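S.K.: Structure below; questions to follow.
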Amino acid sequence: MPAKTWKLFENNDGLIVDKLITSKDLGGEGKWSVEKVTLRDGLSEGVQKVGIHNGKMFLEVLPTRGMGIWKATVGGESIGWQSPVRGPVHPKFVDLGEPSGLGWLDGFDELFCRCGLVSNGAPEFDKETGRLKYPVHGRIANRPAHAVELTVDSDKQEISLKGIVEETRFHFTKLRMTSTITTKFNSTSFTVHDEILNFSASPQEIQMLYHVNFGLPLLDAGSRVVVPAKTVVPRNARAASGVKTWDSYAAPEPAWEEMVYFLELNADAAGQTRTLLKNAHGTRGVSLVYSKQQLPWFSLWKNTTAEADGYVTGIEPGTNFPNPRSYEGEQGRVVKLAPGGKQNFDVTLEIHTTDAEVKAAETAVSKIQAGKEPKIFTEPQPGWCAP
Amino acid sequence: MPAKTWKLFENNDGLIVDKLITSKDLGGEGKWSVEKVTLRDGLSEGVQKVGIHNGKMFLEVLPTRGMGIWKATVGGESIGWQSPVRGPVHPKFVDLGEPSGLGWLDGFDELFCRCGLVSNGAPEFDKETGRLKYPVHGRIANRPAHAVELTVDSDKQEISLKGIVEETRFHFTKLRMTSTITTKFNSTSFTVHDEILNFSASPQEIQMLYHVNFGLPLLDAGSRVVVPAKTVVPRNARAASGVKTWDSYAAPEPAWEEMVYFLELNADAAGQTRTLLKNAHGTRGVSLVYSKQQLPWFSLWKNTTAEADGYVTGIEPGTNFPNPRSYEGEQGRVVKLAPGGKQNFDVTLEIHTTDAEVKAAETAVSKIQAGKEPKIFTEPQPGWCAP
Amino acid sequence: MPAKTWKLFENNDGLIVDKLITSKDLGGEGKWSVEKVTLRDGLSEGVQKVGIHNGKMFLEVLPTRGMGIWKATVGGESIGWQSPVRGPVHPKFVDLGEPSGLGWLDGFDELFCRCGLVSNGAPEFDKETGRLKYPVHGRIANRPAHAVELTVDSDKQEISLKGIVEETRFHFTKLRMTSTITTKFNSTSFTVHDEILNFSASPQEIQMLYHVNFGLPLLDAGSRVVVPAKTVVPRNARAASGVKTWDSYAAPEPAWEEMVYFLELNADAAGQTRTLLKNAHGTRGVSLVYSKQQLPWFSLWKNTTAEADGYVTGIEPGTNFPNPRSYEGEQGRVVKLAPGGKQNFDVTLEIHTTDAEVKAAETAVSKIQAGKEPKIFTEPQPGWCAP
Chain A
1 MPAKTWKLFE NNDGLIVDKL ITSKDLGGEG KWSVEKVTLR DGLSEGVQKV
51 GIHNGKMFLE VLPTRGMGIW KATVGGESIG WQSPVRGPVH PKFVDLGEPS
101 GLGWLDGFDE LFCRCGLVSN GAPEFDKETG RLKYPVHGRI ANRPAHAVEL
151 TVDSDKQEIS LKGIVEETRF HFTKLRMTST ITTKFNSTSF TVHDEILNFS
201 ASPQEIQMLY HVNFGLPLLD AGSRVVVPAK TVVPRNARAA SGVKTWDSYA
251 APEPAWEEMV YFLELNADAA GQTRTLLKNA HGTRGVSLVY SKQQLPWFSL
301 WKNTTAEADG YVTGIEPGTN FPNPRSYEGE QGRVVKLAPG GKQNFDVTLE
351 IHTTDAEVKA AETAVSKIQA GKEPKIFTEP QPGWCAP
Chain R
1001 MPAKTWKLFE NNDGLIVDKL ITSKDLGGEG KWSVEKVTLR DGLSEGVQKV
1051 GIHNGKMFLE VLPTRGMGIW KATVGGESIG WQSPVRGPVH PKFVDLGEPS
1101 GLGWLDGFDE LFCRCGLVSN GAPEFDKETG RLKYPVHGRI ANRPAHAVEL
1151 TVDSDKQEIS LKGIVEETRF HFTKLRMTST ITTKFNSTSF TVHDEILNFS
1201 ASPQEIQMLY HVNFGLPLLD AGSRVVVPAK TVVPRNARAA SGVKTWDSYA
1251 APEPAWEEMV YFLELNADAA GQTRTLLKNA HGTRGVSLVY SKQQLPWFSL
1301 WKNTTAEADG YVTGIEPGTN FPNPRSYEGE QGRVVKLAPG GKQNFDVTLE
1351 IHTTDAEVKA AETAVSKIQA GKEPKIFTEP QPGWCAP
Chain Z
2001 MPAKTWKLFE NNDGLIVDKL ITSKDLGGEG KWSVEKVTLR DGLSEGVQKV
2051 GIHNGKMFLE VLPTRGMGIW KATVGGESIG WQSPVRGPVH PKFVDLGEPS
2101 GLGWLDGFDE LFCRCGLVSN GAPEFDKETG RLKYPVHGRI ANRPAHAVEL
2151 TVDSDKQEIS LKGIVEETRF HFTKLRMTST ITTKFNSTSF TVHDEILNFS
2201 ASPQEIQMLY HVNFGLPLLD AGSRVVVPAK TVVPRNARAA SGVKTWDSYA
2251 APEPAWEEMV YFLELNADAA GQTRTLLKNA HGTRGVSLVY SKQQLPWFSL
2301 WKNTTAEADG YVTGIEPGTN FPNPRSYEGE QGRVVKLAPG GKQNFDVTLE
2351 IHTTDAEVKA AETAVSKIQA GKEPKIFTEP QPGWCAP
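See below:
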């Protein structure tokens, strides 16, 4: 043999499966299975990933990255996005405390990423000393979970994965998130239930923003976001310049600068609201369903830059807008937790794979909107947009 | 079977034992054993821990965290404390260089923690640029040990664990700590011997502070610290307000702000001194025994906040007080090491489990005090307390 | 048995070989072999190292440290250097974002280390805010490689190791280095081929400096660097004070402060140039051979401090001088990459083990110099040296 090539380190295509649990383990029938793997390659070294096949959908959950959800795949098609960052990135390679406050961007490539808990949004610096006070989008997405456990219930036809992520600093922060991700056998949806506990004997304030991100092929030229908007505010002059097409997407364009819109949505009588993102032809879509009481504000992030640079939109329900922490505090857009106090967040993501499903999702949004005209501002508004 | 739950990652209760050494390995009798484990869960991912059972006491040493001692347990009762930080935390999750200089607090949960070697104490910032110069309590507790080895000597009836921890930076720091932790079979005490070597051809200055921490159940309402005090100085106005009860402890109280006292202790003719912490009923206690020549200054940290926030006291012999590094340098409270120079530190920790033992320890302190009245200042003093 | 000692963690002398590939795997004869190991001890915890024995030379490559080359050993003699930093250090223990910008120095101990890609050189701070903008020598040396693969070709009599290292930040940096290190069976040289790809749809600028470092025993009192110098400029007053002996080395001297010279070299008709470092007796030497078109500038770093502090010289071809990034940008000493643009770098390192080889290497330099007198400035020059 004159020449041969060996792969020396397992890459993401050749990872080691540490544990595989299937329907046989429950003594029953079914097509579901769950695998637990530890990645070894490059920036993923040491990342623990749990792959949940529910029979129809494949979810990849990242305990190491704060129970974030990396990808969701149905029929061979992933609804995540392709970040220029090659993830999933282990937090040890993400320097949140870098003086610029932008280190978080080194690890950002998930479908479903939490921003919080002490703060989220743009980095903020101490006015007097100039030193970083709040890094962009907070710490929770780069804190590893412990006590990760899987429950499968064949009566309820349900798979759920639970993990605990703590954001703590002695003398300062004592927050515990217990996150449970649940999916039904053979469904194309999943629900995230996050309980945030202030386990301190003193009160604490938190913020949470669900940064849920979609790229090609779901997002394409002519895609639209359909939401029961009550108010739409462009974040800055750049976003104001595109406000006429705030709810639709163009094709990838190199160097296209992001536009962000801040919204209040309408909700139904029970306080539930929902958003839809659909492709140009209305044949594929994805909905978020959640409570407006839990997540009163909504941000829409449009980043239709070149594919290589991360063609993506963020659908972002939150307790606040991603302005600097102090500004949001002044506006009262934080959650106050008493000693031992808890706040729940429940977000369901539904993947639509047919015209009919997309149409039904659109109708559900219309029902909430109930013919009310949204107020669309053409300029940034005080109280909404940090100066 | 309708439902089942699997733990997907080993937690601290279900860790893998990499190596177990017992009295049989020495061909002898005895109840001692030593286990080496690697933790996998959450913030502990990758932490190497050595558990030493000496027949009566169980010591958990953390090579990964600078040979710190996590817990010591006698009769099922741990004398460590319960930090709100869920440790032991791997240094990769502790950002010492965070601009605030407070990242160290993210990993702080040990019984026995070293602060140094370039500096310890409050963070210090460059006066001109405002940039972090010395992070709080230095780097040594978050540097992993190498060449960790265990020696058991059945003639001496002794188990000792040695590891080397280096604090180095090209062009700047070249310090090597060789740490040896020794315990006798069936004893309730251990001795730490740390040799600090300046392996540079240029002189270097070091600081060392042993941050030894105790919480419930040993520390309780009515606990007292008994030390051969020569001088007692409250660190700041807050500590001054509590100076009358500087040596006793109250019950946990939410949001109680810490008080710190700076002391000089008396020593015996050989230069040895000792401190005792005892519970309210005098049935349990713990002593530190060490050389005043090696560790001339003593800090007492009272943090009787709520249990959830870390009800704890720190018994802290040091080469200095935990003021900012430059201030301590001006006062001459640093150790100067010539090229190739060494400084040894020897600290013995004794656990007392009966009234009689506590009484004996108290008597030993009295003997050193020899009836001398301590000078107790009611205000912070120049030269002792950084402005 | 009265006493026994166990090594509890594998140290660098007792590492685990994960994979060993030998000439037998290719079904042929030969003395070559390749081993892949994962280090476990101290600051090396988790470092993946590939050891290539080509029959005569042993190369130790560090995928975890950006495909850096730790040591090269011929006949039992290593041509690397002994840093006071005990490496190889895993990037998780190197805080590049430390506010001082000097964290890189905590991991610096390789023979062959790349500085770049966004920047290299002295740290730079934002003029307005004082915050770190460019940490010293950039990020590439502390980014782990993925898709590492080994190819052995017995027809070409060649072993090559390839790995991909990305320097990415969402919204900012999208650079991919594909590095291939090749050596012939039984040779004492190797070639590094680095292809840098701008995979963004927007243009990007890069810098690259090969920091190739040599200490004892190759570097000794009386060693000389022989280069086809066109221009020599001392970087600062300190270097100016030693300019008369800029190309020779003294014995180790404690606290000796580094001197750096900035050079332009001559090249042959094909654009190739070469440098030689030889010991005092001219019996050992090492050459770098590379393209002046690819790497137009050359820095010589003399750091003949005490052995314990790192007696070393750096032979450093680069796209620029290691001045702060903005200064180099103003001088145009950066490489502009169009969207999808590539830049190749090819550097060959030859180890000379006999007088004759050293002599031949010296002759090769002379041939390029062709009798031209270098212009040697005795003071720092504008446009060359940052003020």
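Protein chains in written order, with our numbering: chain A, 1 to 387; chain R, 1001 to 1387; chain Z, 2001 to 2387. Heads up, the beta-carbon is just placed ideally off N, CA and C, and yes, glycines get one too. Given the structure is predicted, the values throughout are model-derived calculations rather than measurements.
1) For Lys1007(R), does the count of other Cβ atoms within 10 angstroms reach 16, so buried, or fall short, so exposed?
2) Throw me the rounded Cβ distance for the Ala1985(Z) and Asp1153(R) pair, which I believe falls under 8 Å.
3) Using DSSP's beta-bridge definition, name the partner residues of Met1177(R).
4) If you follow the alpha helix (DSSP H) that Thr1995(Z) is part of, which residue opens it and which one closes it?
5) Kindly indicate the opening and closing residues of the beta strand (DSSP E) around Asp2153(Z).
6) Which residues bound the beta strand (DSSP E) around Gly285(A)?
7) Please confirm if Phe172(A) has its CB atom under 8 Å from at least one CB of chain R.
8) Rounding to the nearest angstrom, what Cα-Cα distance links Val1074(R) and Gly2080(Z) in this structure?
9) Is the stretch 1103 to 1122 of chain R touching the stretch 1060 to 1077 of chain R, taking contact as three or more C-beta pairs under 8 Å?
10) Using the C-alpha atoms, what's the distance from Pro254(A) back to Ser160(A)?
11) Taking Cβ-Cβ distances shorter than 7 Å, what residues in chain A pair up with Lys2092(Z)?
12) Who are Cys385(A)'s beta bridge partners in DSSP?
13) When the cut-off is 8 Å and only beta carbons count, does Pro1254(R) lie next to chain A?
14) Determine, using beta carbons only, whether Thr2005(Z) comes closer than 8 Å to chain R.
15) Nearest chain C C-beta to Thr1168(R) closer than 8 Å, yes or no?
16) Between the beta-carbon of Gly1051(R) and the beta-carbon of Glu1060(R), is there less than 8 Å?
17) Under the three-state reduction of DSSP, which class applies to Pro63(A): helix, strand or coil?
18) For a contact defined as C-beta to C-beta under 8 Å, what are the partners of Ser1947(Z) on chain A?
19) Using DSSP with H/G/I as helix, E/B as strand and the rest coil, what is Ser1307(R)?
20) Any C-beta of chain R within less than 7 Å: which residues of the stretch 2040 to 2070 of chain Z qualify?
21) Who are the near neighbours of Thr2180(Z) in its chain, counting only those whose CB is closer than 6 Å to its CB and skipping five residues on each side?
22) For a contact defined as C-beta to C-beta under 9 Å, what are the partners of Asp2155(Z) on chain A?
23) From Thr354(A) to Thr1005(R), what distance separates their C-alpha atoms?
24) Whose Cβ in chain A lies nearer than 9 Å to the Cβ of Val2152(Z)?
25) What does Glu98(A) reach in chain Z if we use C-beta pairs closer than 7 Å?
26) For chain A, is any of its Cβ atoms less than 8 Å away from the one on Leu2337(Z)?
27) Which residue wins for smallest C-alpha separation from Ser1100(R), given the options Thr245(A), Leu216(A), Pro88(A), Glu124(A)?
28) Going by Cα to Cα distance, which pick from Phe1172(R), Ser1023(R), Glu1195(R), Pro1234(R) is closest to Phe1185(R)?
29) Between Leu1026(R) and chain Z, is the shortest Cβ-Cβ distance under 8 Å, so that the two count as touching?
30) Going by the beta-carbon positions, is the gap between Ile140(A) and Asn266(A) smaller than 8 Å?
31) Look at Pro2374(Z) and Ala2237(Z) and say whether their C-beta atoms are less than 8 Å apart.
32) Grab me the residues of Asn1323(R)'s own chain with a C-beta within less than 6 Å of its C-beta, minus the 5 sequence neighbours each way, in chain order.
33) Might you give, ordered along the chain, the residues of its own chain that have their beta carbon closer than 6 Å to the beta carbon of Val335(A), omitting 5 neighbours on each side?
34) Among Gln1293(R), Leu1039(R), Gly1282(R), Leu1276(R), which one has its Cα closest to the Cα of Ala1269(R)?
35) Starting from Gly130(A), find everything on chain Z with Cβ-Cβ shorter than 7 Å and list it in chain order.
36) Candidates Arg176(A), Gly242(A), Ala364(A): which alpha carbon is nearest Gly274(A)'s?
M.R.: According to the data block:
1) Per the 10 Å Cβ criterion, exposed.
2) Limits of chain Z in this structure are 2001 at one end and 2387 at the other, which puts residue 1985(Z) out of reach.
3) Val1165(R), Ile1196(R)
4) Beyond the ends of chain Z as shown, which are 2001 and 2387, falls residue 1995(Z); an answer cannot be given.
5) Where Asp2153(Z) is concerned, the enclosing beta strand (DSSP E) stretches over 2146 to 2153.
6) 285 to 291
7) Interface residue, yes.
8) So the alpha carbons of these two residues sit roughly 50 Å apart.
9) yes
10) 40 Å
11) The CB of Lys2092(Z) comes closer than 7 Å to the CB of Lys92 in chain A, given here in chain order.
12) Cys385(A) has no beta-bridge partner at all, per DSSP.
13) yes
14) yes
15) Given the protein chain composition of this structure (A, R and Z), no chain C is represented.
16) yes
17) helix
18) The structure shown does not extend to residue 1947(Z), since chain Z spans only 2001 to 2387, so no value can be given for it.
19) One detail in the question is off: residue 1307(R) reads as Glu in this sequence, not Ser. The answer is helix: DSSP assigns Glu1307(R) an H, G or I state.
20) Asp2041, Gly2042, Leu2043, Glu2045
21) Ser2160, Lys2162, His2193
22) Pro2, Ala3
23) Those two C-alpha atoms are separated by around 34 Å.
24) Within 9 Å Cβ-Cβ: Ala3, Lys4, Thr5, Trp6.
25) Gly2097
26) no
27) Glu124(A)
28) Ser1023(R)
29) yes
30) no
31) no
32) Gly1121, Ala1386
33) Ile206, Thr319, Gln343
34) Gln1293(R)
35) The contacting residues are Thr2129, Gly2130, Arg2131.
36) Gly is not the amino acid found at residue 274(A); the sequence shown has Arg there. For Arg274(A), the closest C-alpha among the options Arg176(A), Gly242(A), Ala364(A) is that of Ala364(A).
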